[in-house]
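J.: Residue numbers (the numbering used here): 185 to 352.
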Amino acid sequence: MSTISEVCKWCGISRPTFHRALNRGVVGKKPRGQYDLQEVARALIKDGQAMKGGHGDYASKLALSEARAALAREQAIAVGMKNAVMRREYASLALVQRQVEIMFAAFRERILSIPGKLAAVCEMRSRDEVELVLRDECWDALDELSRPIIPMEGEAMSLTQRHRCRQL
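#1: Smallest Cα separation from Q218: which of A254, E190, T201?
#2: For my contact list, A275 and I295 are in at a C-beta cut-off of 8 Å; report their separation, rounded to the angstrom.
#3: Answer yes or no: do C195 and A225 have a C-beta to C-beta separation smaller than 8 Å?
#4: Does the beta-carbon of C322 have 16 or more other beta-carbons within 10 angstroms, so that it is buried, or is it exposed?
#5: Of the choices F202, K213, E250, R257, whose alpha-carbon is the least far from that of I229?
#6: Going by DSSP in three states, S186 sits in which element: helix, strand or coil?
#7: Where do the ends of the alpha helix (DSSP H) carrying P215 lie?
#8: Alpha helix (DSSP H) containing M287: first to last residue?
#9: So for E321, helix, strand or coil by DSSP?
#10: Could you tell me the distance, in whole angstroms, from the CA atom of L343 to the CA atom of A268?
#11: Provide the residue span of the alpha helix (DSSP H) that contains R199, from first to last.
#12: Quick check on DSSP: helix, strand or coil for S310?
#13: For M185, which option in E313, E223, R199, I261 has the closest C-alpha, if you only look at C-alpha atoms?
#14: Exposed or buried, what is A205 when buried is set at 16 or more other beta-carbons lying within 10 Å of its beta-carbon?
#15: With a threshold of 16 other CB atoms inside 10 Å of the CB of V211, please say whether the residue is buried or exposed.
#16: Distance, Cα to Cα, D327 vs I261?
Have a look at this one:
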């Protein structure tokens with residue numbers, strides 16, 4: 185095992201040249217005094233031959249292969265996502281947003297209609313009776329909001345659910 189100075193002397197290169205090779209990844213960084221002369225010499229020769237052969241340096245080949253591997257991973261993820269969309273495992277954000285807006289608009293109309301709908305019913309009743317009538321109506325509205333518009337696979341659709349699906 186050798187130091188950087190010994191490696192530079194043995195290979196006939198300057199310290200800046202060695203550090204450039206180190207920064208480019210031609211030679212792996214090691215602890216002080218742990219450089220193997222033969223390993224460093226082979227790496228420098230291989231890098232020099234690649235550069236003279238017009239193939240780029242050894243480090244650029246490593247970077248290129250890493251980039252290709254990253255591209256292959258991204259392409260695999262993209263294909264997986266595309267397949268999941270085709271299997272309808274994912275829904276488009278615009279479609280989900282539209283469905284939620286429709287549900288909330290219907291719920292809003294239902295809630296806003298409660299005072300007019302129940303005004304005559306609640307007339308001349310006690311506070312407890314009015315509270316009970318309003319609570320029942322609110323529970324019905326919340327129950328309607330919590331029911332799925334489109335049932336899960338295997339569930340039968342009621343007539344009101346079929347009517348709602350046709351309206352969408």
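C-beta: ideal position from N, C-alpha, C; glycine also.
T.: Let me spell this out:
#1: In terms of CA proximity to Q218, E190 leads the group A254, E190, T201.
#2: So it is not a contact: roughly 27 Å between Cβ atoms.
#3: Yes; because the gap between Cβ atoms is below 8 Å, this pair is in contact.
#4: exposed
#5: F202
#6: strand
#7: Premise fails: P215 is in no alpha helix (DSSP H) and is neither H nor E.
#8: 277-306
#9: helix
#10: Its pLDDT being 49, under 50, L343 is placed unreliably by the model, and nothing is read from it.
#11: 199-208 is the span of the alpha helix (DSSP H), which, as asked, contains R199.
#12: coil
#13: E223
#14: Looking at its Cβ environment, which holds 16 or more other Cβ atoms inside 10 Å, A205 is buried.
#15: That one is buried.
#16: Those two C-alpha atoms are separated by around 40 Å.
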